[in-house]
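Notes for the one structure printed next.
Protein chains: 8
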Amino acid sequence: MTERSISDLGFARVDHDREARNGVPEVVFGEGKQADQISAIVGRLIARHQRALVTRLDAERAERVLRDHPHGHYDPISRLLCWGAPPRRLPGTVAVICAGTSDLPVAEESAGTLEWLGADVARLNDVGVAGIDRLLAHRESLTRADVLIVIAGMEGALPSVVTGLVRNPVIAVPTSVGYGASLQGVTALLGMLSACATGMSVVNIDNGFGAAWQAASILSL
Amino acid sequence: MTERSISDLGFARVDHDREARNGVPEVVFGEGKQADQISAIVGRLIARHQRALVTRLDAERAERVLRDHPHGHYDPISRLLCWGAPPRRLPGTVAVICAGTSDLPVAEESAGTLEWLGADVARLNDVGVAGIDRLLAHRESLTRADVLIVIAGMEGALPSVVTGLVRNPVIAVPTSVGYGASLQGVTALLGMLSACATGMSVVNIDNGFGAAWQAASILSL
Amino acid sequence: MTERSISDLGFARVDHDREARNGVPEVVFGEGKQADQISAIVGRLIARHQRALVTRLDAERAERVLRDHPHGHYDPISRLLCWGAPPRRLPGTVAVICAGTSDLPVAEESAGTLEWLGADVARLNDVGVAGIDRLLAHRESLTRADVLIVIAGMEGALPSVVTGLVRNPVIAVPTSVGYGASLQGVTALLGMLSACATGMSVVNIDNGFGAAWQAASILSL
Amino acid sequence: MTERSISDLGFARVDHDREARNGVPEVVFGEGKQADQISAIVGRLIARHQRALVTRLDAERAERVLRDHPHGHYDPISRLLCWGAPPRRLPGTVAVICAGTSDLPVAEESAGTLEWLGADVARLNDVGVAGIDRLLAHRESLTRADVLIVIAGMEGALPSVVTGLVRNPVIAVPTSVGYGASLQGVTALLGMLSACATGMSVVNIDNGFGAAWQAASILSL
Amino acid sequence: MTERSISDLGFARVDHDREARNGVPEVVFGEGKQADQISAIVGRLIARHQRALVTRLDAERAERVLRDHPHGHYDPISRLLCWGAPPRRLPGTVAVICAGTSDLPVAEESAGTLEWLGADVARLNDVGVAGIDRLLAHRESLTRADVLIVIAGMEGALPSVVTGLVRNPVIAVPTSVGYGASLQGVTALLGMLSACATGMSVVNIDNGFGAAWQAASILSL
Amino acid sequence: MTERSISDLGFARVDHDREARNGVPEVVFGEGKQADQISAIVGRLIARHQRALVTRLDAERAERVLRDHPHGHYDPISRLLCWGAPPRRLPGTVAVICAGTSDLPVAEESAGTLEWLGADVARLNDVGVAGIDRLLAHRESLTRADVLIVIAGMEGALPSVVTGLVRNPVIAVPTSVGYGASLQGVTALLGMLSACATGMSVVNIDNGFGAAWQAASILSL
Amino acid sequence: MTERSISDLGFARVDHDREARNGVPEVVFGEGKQADQISAIVGRLIARHQRALVTRLDAERAERVLRDHPHGHYDPISRLLCWGAPPRRLPGTVAVICAGTSDLPVAEESAGTLEWLGADVARLNDVGVAGIDRLLAHRESLTRADVLIVIAGMEGALPSVVTGLVRNPVIAVPTSVGYGASLQGVTALLGMLSACATGMSVVNIDNGFGAAWQAASILSL
Amino acid sequence: MTERSISDLGFARVDHDREARNGVPEVVFGEGKQADQISAIVGRLIARHQRALVTRLDAERAERVLRDHPHGHYDPISRLLCWGAPPRRLPGTVAVICAGTSDLPVAEESAGTLEWLGADVARLNDVGVAGIDRLLAHRESLTRADVLIVIAGMEGALPSVVTGLVRNPVIAVPTSVGYGASLQGVTALLGMLSACATGMSVVNIDNGFGAAWQAASILSL
Ligand SMILES: Nc1ncnc2c1ncn2[C@@H]1O[C@H](COP(=O)(O)O)[C@@H](O)[C@H]1O
Ligand SMILES: Nc1ncnc2c1ncn2[C@@H]1O[C@H](COP(=O)(O)O)[C@@H](O)[C@H]1O
Ligand SMILES: Nc1ncnc2c1ncn2[C@@H]1O[C@H](COP(=O)(O)O)[C@@H](O)[C@H]1O
Ligand SMILES: Nc1ncnc2c1ncn2[C@@H]1O[C@H](COP(=O)(O)O)[C@@H](O)[C@H]1O
Ligand SMILES: [Mg+2]
Ligand SMILES: [Mg+2]
Ligand SMILES: [Mg+2]
Ligand SMILES: [Mg+2]
Ligand SMILES: [Mg+2]
Ligand SMILES: [Mg+2]
Ligand SMILES: [Mg+2]
Ligand SMILES: [Mg+2]
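Chains as they are written, first to last, in our numbering: chain A, 206 to 426; chain B, 206 to 426; chain C, 206 to 426; chain D, 206 to 426; chain E, 206 to 426; chain F, 206 to 426; chain G, 206 to 426; chain H, 206 to 426.
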C-alpha cells in the first residue's frame, strides 16, 4: 500500500486504492457527516478519480456541497449527489422493479446508482402482488433482464413471486414503507430472507444503493 | 346464568352456556392438560351436547382419552380428537389452501375443524408463490369459494396473492414452517398483517382451528 | 387483461380491473406519496369508477388534492379523503366498538370506510374492560350485529371479551394507544392473536380500514 | 451483621438474617442446583429456622433431597418442596384466580407458597374471559378478598377485568401457556403491564411464588 | 347498573360507578385526547364526584382545560392536572424512592397521585446503586415505610436492593431514562421482573401513577 | 401451463415446469416432510428430470428414501441427498469460505449444492477474522474467484472483510454457530445486512443452499 | 459515611465520597436534567473537588451552565462540558480507533474523557474493515498501545479484527451509526459481544465515556 | 507470516502465530466440533506450545479427547478441558464474584481459565443483592483485587453495586440463570450494559472464559 493510496484528512482517511481493488472509487455515506466534511472528501475523490457519489444526503447539505464542487447533480427523490461519468458501459440490463408508488425513493436510489456505475436500467414501478396481473403482463421482459432488483415494503412478497418466474439472479430490497406490524421494514426484510423461492439474496432495508452495486458487479464479470 | 350452565370440576369449569351464546359447545385446548383432566371435561361435554372436540393433542394422550370415550376419532396429522356430528350442514364452501407440503398439519386442523362444524371443504395443497402458475391454474375455483383459508409458513406471501384474486373474505394462517429468519412463524405472521392486499385478516401462528371457526361463523350468518 | 385495465402513470400503475376482481376500486394508501401523485391517481379513479378513497392522509395534502378534485370530503379524525357514493347498500349492520376515547381515530377510519363501501354502522365508544358493565349494558345489541369490529390499544383485552359474548364474526383491531410496555400497539396485536376466545381474527395495528373492508366483504356474501 | 447470620457452604452463602430483615427465611430457587447442594442448604435452614421452601424442583431431585430431610412435603403440580409450619396465621384471605386449567401449576405454586407462609387461600380456577359469566357469578366473593392473585396465559386479559371489579390490590401473574404469538408468556406479561385497569401490579412469567410472597407481605402489614 | 352510573358523551362513556366499585372516581388518561374532550369529561366528574385527575398532560392542553375548570392545579414536572381533595386521609406512609435526578418526573407522578388519593408520602431522591451508601444511610427509615415505591431507569437495579432490605411490599417502577441498551425502559422493566429479591411487583415503564394507585389500595385495606 | 407440467400427489404438487422457468428442477425442502412423502416426490422428479436434490434431511429419513431410490448419495455433514449429474458444467469458479470449523456443515451445504448444479468449487475453511493473516495469505486467490460465498457465525464479520478485498460479487451466509448474544444466528445476519463493505448480499441463517443457487445463477449468465 | 460526604440538593444527592472510593469525582449524566439542576450540582462538585464533567449535553444547556461556572470548556462534537485539570498524569497510552467519519462524536467522547482523566490519547479515525489495509498500515502502533478503545457502528466488525492483532486489552464501543438492520446500534452491540476474537469487552451503544473510564482505571492499576 | 505459523488440517487452520501476537496460544471452542476434530487440533497445539485449552465441552467428548491426549484435566462444572502449565505467574489477583449458586458453572469457567493463564484467583460465591450485607461484609477485600469479574443472572444487578464500591476495573458476565422475563440472559446482559455505575465493561452471556482472558491481559500489562 503506497503513500499515495490514502488521503488522510484527520476526520477521514480516503481509500483511493479502492478503485483498483473493487473496480469503483469509494462512495461517501452521507448520514452523520457535516457538509464541509463531505466537501473535503469529495474534493479528494474528484481530484484523483474524476468522479464521486454521495448517498443518503438531504437537499440542504447537497446544496452546500455543490457550491464547492458545482459540476455535480443532485436528485431529491433518491437523495443521491454525483459527479462524473462511468469509465465504460457495462454489458446487459438490470430490471429495477418496485411494488408500490411509496417505494419509489429506494427504486430511484438503485436506478441512479446503476446509471452512475454505467449500467442500463429498465424500470417497472407499482406492480405489487395485490394486483398480480400487472406483474404477469411483463413476464416476458422480466425473463430477459440479466439481473433483477426487486423492491417492496409492507409484507415484501414481490421478490418471491418474481424469483419464481425467472432464471437470472434476483436481489431483493426491503423498504420501510408500511406501518404497525411492518416494523419499519424489518418484516419485509425477514420475509425476503425466509422466502421459499430460490435464487434471490437480500440487502439492508432501503439499501437501493447496495443492491445496485452488487448488480453492477455481476454485470462486470 | 343458571346453575346448570357450568360444570364445576375443580380444575375446570365447563361452560355449557357457550353453545347458546356462540352456537357451538366449548372446545378443549389439549396442551398442558393431563389425559384424565381431558377425559373428565369431555365426559361432561358429551353428556350435555352429544359432541366434543379436543385440539393440539398428541397420540399418546388421545389414546388414553379414547379408552374412556371410545366413539371418537383421532387424526394424527391434525392432532384433532372429536366425537359426534354437527347439528346441521352449513351453506357454502370454504377453500383451505396451503403453500407447501410441510404446512399440511395446519391445513388439516382447519379442514377437520370445519367438517366437525358442518361445513363443506375444498382442499388445495402445495400452491406456494415460488411456482405461481400452480395457483393461477385454480383461479376460477378460488373465486367461487365463499370463504378462503390461506395457510403459509416461511415468508407467508400466499395470502396476499390470493386476496388480490378474489372478492370474498380471506383468513390467513401463518405457520411455523421454516428456519432462521422465519423465527418460528413470527415472520409469516407479521408479513400477513402488513399485507398490501385488502380483505384479509389473520389468526395466530399454526392456528388452523381458529381460522376454521371464524370461517364457519361467516357461513352461519 | 386488456390494455384498458391499467392506467400507467409511470410512478403508479392504477389497477382498474380491481373493481371487477375485488368488487371495489383500488384504494390509495396516502403515506409516502406526494399530493400531486395522489391527485393524478385519484383523477384516473374518478374518471373510470366515479368514486375514490385515500387513507392515512394529513390535512395539508388533503387540501391540495381537494383543489384538483373538489367534490370530495376529508375527515380530519379518520384522515380519510373520499369521493362518490357506493353503487348499492349492503345488507346487515357492522358494530364498530372501541375501548377508549383515544382509539377514536381508528374507529372512525373503520366507520368512514364502511360508509363509503355502503354498509350500515352502529358505533359504541369507550367501553373498555376496566368498567365491564359499560359493555354488558349493550349485550343485547352486540349479539344482533352481523359483524363486529372491536378496537383497543394498551393490553387489547376488549375483543376477547366481546367474542365470548357473541356468535357472529369479530374482527379485532389493535391500536398504538398506550406507552412503555404497549410497544406502539405490538402488545395489543400479540394479545389479540393469542386470545383464548374463538371466532375472531386480527388486522394490522391501527388498520381500521382493513377491518372495515373485510367486514364489508362478509356482508356482501 | 454477626458471624452467625451467614452459613458459608462455599458454593452458597445462606442468608439467615433474612428472616429478621424480610420476615421469612431465604427460599431456595431449585433451578440449576444439584440435589446435594439443595440438601446442604436446606439442612442449614431447618437447623436454624425449623422450616424451608424450595421452588421449581422436579420430582427426581425432590425425592433425593427428601431422603436427607424426610419430614417435608413435595407437590408435583406446583413443584414446591417444603418443611415446617408458619410461625403464625396471617389475617385476611387471598383469592387465587386462574383463567384456564393449563394455568393450574402456577396457581398451585401461589396457593402452596401462601399456605406455607400462613395465609388463607380461596381458589377460583378456569374463569377466563372467553366465558365472562363464569367470573361474574363470583363477583361478590371477589370483592371480599383482601388481595387477589390473578393468573392467565395467552393474551392475559383476566387481571384487567378482575381489577375493574374490585377495590383491593390485584397481583397479576402471566403464564407461559399458549403458542405462537403468545411468545412463551411474553405477550401476557406485556399485556398485563399495559392494562388500562388501575390497581394491579405484575410479577415475572410463571412466578406464582413471587405473587404469593407479595400478597403475604400485604396481609402482614 | 343504573342509568345514572354512566355519562354518555358520544366520544366517551364516563364510568361514575367506578367510585363505588374501586373506591376512587375514574382517572382521565391524557394522551391522545383533545383539550375539549378532556374538559367535557372532567366537567362530568367534578359535577358528580367533586374531584378529578388527568395524567400525562402537556402544559398547553392543561392550560386550556383549566380555563373551563379553573379551581384545579397543574404540575409541569409530573404532568398531573387535578381538582378537589380526598374524602379521607389514608393511614400509614408510602416511601417514594428514585435512583437518579432524571427519574424525578416519574417519582413526582407517584407522589402527586398519592397526595390526591389522601396518602402521606416520604420522598427519597437520587439514591441509585452506584453509590450504595447514600441508600444505606436511610436504611432505618426504609424499614418504617408501609409501602415502598422504587423508581429507576437504566439497569433498574435499585428495587432489588431495597426489597432485600425491607419486609413491607415494594412496587417497582422502571423509567425510560437511559440510552442504547436501555431500550427506552424495556431493560429496566425486564430486570425488575427478573429480580432475585422477593416481595416486589412491577408496573409499566414510567407508570408512577399506577404504582401510587396500588400503594394507596394497600394502605386502604 | 400444460397438464404435464404438474404432478399432483395430493399432499404435493410437483412443479415440473420449474426446470424450464428457472433452469433447474424443483429442490425438495426436507424439513417437516415424512420419508414416504419425500420418496414419492423424488420418484416423480427422477422420472421426469433424471436428477433430484433434497436438503436439510437427517440420516434416518435419508436411509429410508434411499431404499426406494438407491442410486443417490447422502452426505451426513451437509445433510444433502442427491441423484443424477448436472446437464452441463458451469464456467468459472465459486470460492466457498468459512470462518470456523463449526461452520463446516453450512459450507458443505453450499459446496455440495454447487457441485450438483455443475459448478467448480474452491474451499477455504477456518479463516475467521480473529487471525486475519490466515485470510490475507489467500488474498490473491480470493480475487480470482468469480463469485465468493462467505460463511460465518458469531458476529459474522468475515464477509465484510472479504468484500473489501475483492471486485466480484460476495454472497454472505450467517450461521447459527455461537451462544448468548449471537441469538441463533440473528446477530450475524443483522451484522451482514448492516455491513459497511459494498458488493455483498445476504441469505437466510444457515442457508448454504440458497447462496449456492444464487452463485450458480450468476455463473450461468 | 460522614455527613460531609453527601450534598443533598433535594432533587439530587451529590456523592462526594466517590472520589475516595472510585478515584474520580461523580460525573454528571446530562440527559433529562434541566440547566439549573446541572448548574447546582456542578457548583457543589467544583467547590469540593475543583473539577467536574458533564456528558451528553446539548449546546444550549451547556451555554446556560457556563454562565454560572465560566471557567469550563464545552466541545460540541463530543457534547462534553468540563472544568479543571486531572490531579496527575496517568502512565501509558490509550489508542482511540474508529471505523468511520460518522463515528467521530463517540470517539471524541472517549478521547475528551480520557484527557480530562489525565491519560495520553492516540487517535486513529476512519479505518473500518471495508478497506483493511488502512488499518494494517498502523499494525505496529496498535501493538504498542496499553489499552485500545475500538469504536464502530453498522455491523461493528472492527474490534474483532483489532483484537486479533494485539495482546493488550480492547474495549469495544458500538455506535448508533447505520440504518435499517443496524437497529440504532443494537446490531453492532450484539456483534461485538458475540465476537470470536478473545480479549475484548463491550460497553453500551455510543458510550465513549464509559470505555474511557475503564481504560483509565486500567492505566491506574 | 511463515509457513510454520499455520497448521492446515483441512477442516481447521490452527493459528500458531497467535501465541506471538496475543501472548497465548489459540483456545478451542468446543461447541459444534466432533471429538476427533478437537483431538487433531489439540495434538497440533500441544506439539507446538506444550499446552492447550478447550471450552464448552461435554463430558462425553472430553473423555474421547483425553484418550488421545491423556495428560489433560477435565472439570465437569466449568466444562473446561486443559493441558500444560502457564509459562509464568501473572502479578496481582482477580476476584471472581457470583450472585447465586446457580451461576457457579460460569464462575468456574472464569476461575479455571484464569488458573490456566497463570493468574491468582479469589472466589466469592452467592453474594447477590437480595442480601446486600453478604457482599458488604467483604467490602475491604473487594477494593484490594486488581481486577474483578462479577457474574450474575436474572436481573444482573450485582456488577453495578460492586463497581460503585471499587476503583479497579470490573468485567461483568451475565448468565442465562433465570426464567420468563430474564430471556435466557438477555435481560441481565442489557442491564449490565445500561448500568449507571462507571468503570465496568461486559462480555457475552455465560462467557466466563472471555472475562478471564480480558482480566489476564490487564494483569499482563
Ligand atoms: N447507502 C449506503 N448503504 C450502505 N453502504 C453505503 C452507502 N453509501 C456508502 N456506503 C458505503 O459506506 C462506506 C463509506 O463509509 P464512510 O467511511 O462512513 O463514508 C463505503 O464502503 C461505501 O461503499
Ligand atoms: N390504510 C391502509 N392500510 C393498509 N392497506 C391500505 C391502506 N390504504 C390502502 N391500502 C392498500 O394499499 C394498496 C395501494 O398501495 P399503493 O399502490 O401504494 O397506493 C391497495 O392494495 C390498497 O388496498
Ligand atoms: N421461583 C422463584 N422465582 C423467583 N425467585 C425465587 C424463586 N424461588 C426462590 N427465589 C429467590 O431466589 C433467591 C435465592 O437464589 P439462590 O441463591 O440461587 O438460591 C432468593 O432471594 C429467593 O427468594
Ligand atoms: N467459550 C468461548 N467463548 C467465546 N470464544 C471462545 C470460546 N472458546 C474459544 N473461543 C474463541 O473461539 C475461537 C476459536 O474458534 P474455532 O476456530 O471455532 O475453534 C478462538 O478465537 C477462541 O479464542
Ligand atoms: Mg399501487
Ligand atoms: Mg412444494
Ligand atoms: Mg374511557
Ligand atoms: Mg377452560
Ligand atoms: Mg445521581
Ligand atoms: Mg478456528
Ligand atoms: Mg470512511
Ligand atoms: Mg443464594
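Beta carbons: idealized from backbone N, C-alpha and C, even for Gly. Note that this is a predicted model, so its numbers are computed, not measured.
{"Query": "Going by C-alpha distance, which of Glu345/E, Gly323/E, Ala245/E is nearest Ile423/E?", "Result": "Gly323/E"}
{"Query": "From Arg256/D, Ala257/D, Leu271/D, pick the residue whose C-alpha is nearest to that of Asp263/D; which is it?", "Result": "Leu271/D"}
{"Query": "Alpha carbon to alpha carbon, how far is Gln255/C from Asp273/C? Give it in angstroms, no decimals.", "Result": "15 Å"}
{"Query": "Exposed or buried, Pro275/G, counting other C-beta atoms within 10 Å across all chains shown (16 or more means buried)?", "Result": "exposed"}
{"Query": "Looking at the C-beta of Arg218/H, does it have a partner C-beta in chain G at a distance below 9 Å?", "Result": "no"}
{"Query": "Taking 9 Å as the CB-CB cut-off, is Gly413/E touching chain G?", "Result": "no"}
{"Query": "Can you tell me whether Ala252/G is buried or exposed, with buried defined as 16 or more other CB within 10 angstroms of its CB?", "Result": "exposed"}
{"Query": "Are the C-beta of Leu309/D and some C-beta of chain C separated by less than 9 Å?", "Result": "no"}
{"Query": "Hey, is Leu286/B's beta-carbon within less than 9 Å of any beta-carbon in chain C?", "Result": "no"}
{"Query": "Using the beta-carbon count (16 or more within 10 Å), is His221/E buried or exposed?", "Result": "buried"}
{"Query": "Starting from Ala324/B, follow the alpha helix (DSSP H) in both directions and report where the run begins and ends.", "Result": "First-last for Ala324/B: undefined, no H or E at that position."}
{"Query": "Any chance the stretch 382–393 of chain H sits against the stretch 399–411 of chain E, with 3 or more Cβ pairs inside 8 Å?", "Result": "yes"}
{"Query": "Where in the stretch 339–400 of chain E do unbroken runs of the alpha helix (DSSP H), each at least 4 residues long, occur, reported from the N-terminal end onward?", "Result": "344–349, 363–370, 391–398"}
{"Query": "What three-state label does DSSP hand Ser406/H in the structure shown?", "Result": "strand"}
{"Query": "Buried or exposed, going by whether 16 or more other CB atoms sit within 10 Å of the CB of Glu360/E?", "Result": "buried"}
{"Query": "Let's test the definition: count the other Cβ atoms within 10 Å of the Cβ of Ala225/B and tell me whether it reaches 16, buried, or not, exposed.", "Result": "exposed"}
{"Query": "Excluding the five sequence neighbours on either side, which residues of its own chain have a C-beta within less than 7 Å of the C-beta of Gly277/F, listed in chain order?", "Result": "Leu271, Leu286, Cys287, Trp288"}
{"Query": "Using three-state DSSP, classify Ser210/B as helix, strand or coil.", "Result": "helix"}
{"Query": "Listing by chain order, which chain A residues have their CB less than 7 Å from the CB of Asp241/C?", "Result": "None at all; the shortest Cβ gap to chain A is about 12 Å."}
{"Query": "Who pairs with His276/G in a beta bridge, going by DSSP?", "Result": "His276/G is not bridged to any residue."}
{"Query": "From the DSSP output, read off the bridge partner residues of Asp263/H.", "Result": "According to DSSP, Asp263/H bridges with nothing at all."}
{"Query": "So is Glu314/E buried or exposed if we call it buried at 16+ other beta carbons inside 10 Å?", "Result": "buried"}
{"Query": "Should Asp263/H be counted as a contact of ligand 4 given a C-beta to heavy atom distance under 8 Å?", "Result": "no"}
{"Query": "Going by Cα to Cα distance, which pick from Glu345/G, Asp325/G, Val311/G, Gly317/G is closest to Asp331/G?", "Result": "Val311/G"}
{"Query": "What's the call for Ser346/H, buried or exposed, on a 16-neighbour Cβ count within 10 Å?", "Result": "exposed"}
{"Query": "With a threshold of 9 Å between beta-carbons, can Trp259/E be considered close to chain H, or not?", "Result": "Per the sequence presented here, residue 259/E reads as Val, with Trp not at that position. For Val259/E, the answer is no, since every Cβ of chain H falls outside 9 Å of its Cβ."}
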